Amino acid sequence: MVTLKQVTGKNLIGVGLGVIIIVLLIAMPLVLTPNGTFVGTDNVGSDVIRQLAPTYDSGWARNWWSPPGTETESMLFALQAAVGGLLVGYAFGYFKGRKSVRPASVDAPDNESAHQ
Amino acid sequence: MPNTRWIRRLAPVLALLSLIAFARPAYAMPPQMHIMEGFLPLQWAIFWWVVALPFWAIGLIRMRRLIVEQPEQRLLLGLAGGFIFVLSALKIPSVTGSSSHPTGTGLGTILFGPFIVAILGTIALLFQALLVAHGGITTLGANAVSMAIGGPLIAYYLVWLPLRRVTRIGIAVFLTAFVADLATYLITTTQLALAFPNPVAGFAGSWFTFAGIFAVTQVPLALAEGVLTVLIFKALQANASAELRKLGVQEA
């Protein structure tokens, strides 16, 4: 009989716990700082430089292109995350598929050195 | 229980971190990841480019050698790069009311070492500089030194290599990712403090205030990144143990 443990792996509890910790850590500021606007630190930092060195002119170098608005910017960040997610998912899909085709014991490209 | 050993060992570290976390300086530069285009004076922009160049060169040589000698590792290489892409695209709210993002460099550092990560991280920085206008070309050297080179280098040599055989692998992975993330922000702050020292307190004075604010914003994020990296690493151990062994990350 196939058990839940076999299907999901024995780390189900550990994974669940890990995900909960991550969500709590990320959600915590939303609760602790109800009035925050959560502006990117990159932008906040630039403002501080303007205070520290009011005469400094950052205009000597400009981005060759910048998104026309926050919506386009969000889209590009989403694109970046999507590309990354695709790479991670593709690799895991391959590894998982390979494992299901071949039993784990012959998982290794160099079989004999890996399993004695 | 054998596990309490870790709690005992980690207790001083946690105590120190919470001490930093609750020290609220009156004035500080907020921590940040990318220095925006034009926001470093020319001489500093050139300086950090020059610092970054040898690491990029070594990184390219090592990456080429890896792909030639172990072509099957390309998938893991893509995975490590993809992980950096995803995590550095996620702007996560912090307790100071601003947003910051994780780096994702810890995983690649563990798998391939800091030099190959220098290349992977710089690719993500280039994408953000050219397409999203976050960071820039003049500040690419500085941003690479903090996120793609310095953070991974510190985490690899001060955390991963010393701990990987001493502690349980999960703890070593967690602390490596945690330190790579935090070190990145500390280096960026150092770069900014060098270029724009506080007129009153000077470099050293402002650096310690920066470090205080850091902890508040970045420690929860770095903790979350550490936990996520452990989850991914465990999944790799379960599914790609052959690759991990060949990279020398996992015992045969």
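Top line first, the protein sequences correspond to chains E and A. Read in order, the letters of the first sequence correspond to residues 1 to 116 in our numbering. Read in order, the letters of the second sequence correspond to residues 1001 to 1252 in our numbering. For each residue, glycine too, the CB sits at the ideal point set by N, CA and C. Here the structure is a predicted model, which means the values were calculated and not measured.
| query | result |
| --- | --- |
| Buried versus exposed, by CB contacts within 10 Å (16 or more), Glu1273 (chain A) | In the structure displayed, chain A extends from 1001 to 1252; residue 1273 (chain A) sits before or after that span and is not available. |
| Straight-line gap, Ala1204 (chain A) to Ile13 (chain E) (C-alpha atoms, nearest Å) | 45 Å |
| Pairwise C-alpha distance: Ala1238 (chain A) and Ala1023 (chain A) | In this prediction, Ala1023 (chain A) scores a pLDDT of 39, lower than 50, which makes its location untrustworthy; the coordinate-derived value is nonetheless stated afterwards. The straight-line gap from Cα to Cα measures roughly 41 Å. |
| Short-range partners of chain E found in the region 1131-1147 of chain A, where Cβ spacing is below 7 Å | Leu1131, Val1132, Ala1133, His1134, Gly1136 and Thr1138 |
| 8 Å Cβ cutoff met for Ala1193 (chain A) and Trp1048 (chain A) | no |
| Residues that Asn63 (chain E) bridges to, as DSSP identifies them | For Asn63 (chain E), which the question treats as bridged, DSSP gives no partner whatsoever. |
| Length at least 3, wholly inside the region 1136-1174 of chain A: the beta strand (DSSP E) runs in chain order | none |
| Within chain E, partners of Glu1037 (chain A) - CB distance below 7 Å | Ala61, Arg62 and Asn63 |
| Whether Phe1055 (chain A) touches Ile1149 (chain A) by CB criterion (8 Å) | yes |
| Beta carbon of Leu76 (chain E) nearer than 8 Å to that of Leu1131 (chain A) | yes |
| At least three beta-carbon pairs within less than 8 Å, the region 1181-1200 of chain A to the region 1216-1228 of chain A | yes |
| Beta carbon of Ile26 (chain E) nearer than 8 Å to that of Ile1092 (chain A) | yes |
| Interface partners of Val1227 (chain A) on chain E, CB under 7 Å | Gly18, Ile21 and Ile22 |
| Residue-level contact to chain A via CB, Ser66 (chain E), 8 Å cutoff | yes |
| Within chain A, the residues that Ile13 (chain E) reaches when beta carbons sit closer than 8 Å | Ordered by position in chain A, no residue passes the 8 Å Cβ test against Ile13 (chain E), which lies about 12 Å from the chain. |
| Beta bridge counterpart(s) of Ser1100 (chain A) as assigned by DSSP | A:Ile1092 |
| Residue range of the unbroken alpha helix (DSSP H) whose run includes Ile26 (chain E) | Leu12 to Leu32 |
| Whole-angstrom distance between Leu1060 (chain A) and Arg62 (chain E), CA atom to CA atom | 28 Å |
| Proximity test, Cβ basis, 8 Å: Phe1233 (chain A) and chain E | no |
| Buried or exposed by the 16-neighbour rule on C-beta atoms within 10 Å, applied to Trp60 (chain E) | exposed |
| 8 Å Cβ cutoff, Leu1223 (chain A) in contact with chain E | yes |
| Asn1198 (chain A), DSSP secondary structure in three states | strand |
| Neighbouring residues, chain A, relative to Ser46 (chain E) (Cβ below 7 Å) | Met1036 and Phe1039 |
| Minimum Cβ-Cβ distance from Arg1024 (chain A) to chain E less than 8 Å | Confidence at Arg1024 (chain A) is low in this model, with a pLDDT of 36, below 50, so its placement is unreliable and the value that follows should be read with caution. Cβ-Cβ to chain E under 8 Å: no for Arg1024 (chain A). |
| Under the three-state DSSP convention, the category Glu71 (chain E) falls into | helix |
| Interface residues of chain A facing Ser58 (chain E) [CB-CB closer than 7 Å] | Gly1038 and Phe1039 |
| Within-8 Å CB hit, Pro1220 (chain A) to chain E | yes |
| Opening and closing residue of the alpha helix (DSSP H) in which Glu1069 (chain A) lies | Leu1042 to Glu1069 |
| Neighbourhood of Val1051 (chain A) by C-beta, 6 Å cutoff - its chain only, sequence neighbours within 5 removed | Val1145 |
| Three or more C-beta pairs below 8 Å linking the region 1058-1074 of chain A and the region 1155-1169 of chain A | no |
| Inter-residue spacing [alpha-carbon to alpha-carbon] between Met1147 (chain A) and Gly1121 (chain A) | 7 Å |
| Beta-carbon spacing of Thr1138 (chain A), Val1173 (chain A) below 8 Å | no |
| 6 Å Cβ shell around Tyr1027 (chain A) - same chain, five flanking residues per side excluded | Confidence at Tyr1027 (chain A) is low in this model, with a pLDDT of 36, below 50, so the placement of that residue should be treated as unreliable; the coordinate-derived value is given next. Once the five neighbours on either side are set aside, Tyr1027 (chain A) has no close Cβ partner at all. |
| Interface flag, Phe1178 (chain A) vs chain E, CB-CB below 8 Å | no |
| Closest Cα partner of Gly1135 (chain A) within the set A:Leu1079, A:Leu1040 and A:Ile1084 | A:Leu1040 |
| Alpha carbon of Ala1155 (chain A) to alpha carbon of Ala1133 (chain A), nearest angstrom | 28 Å |
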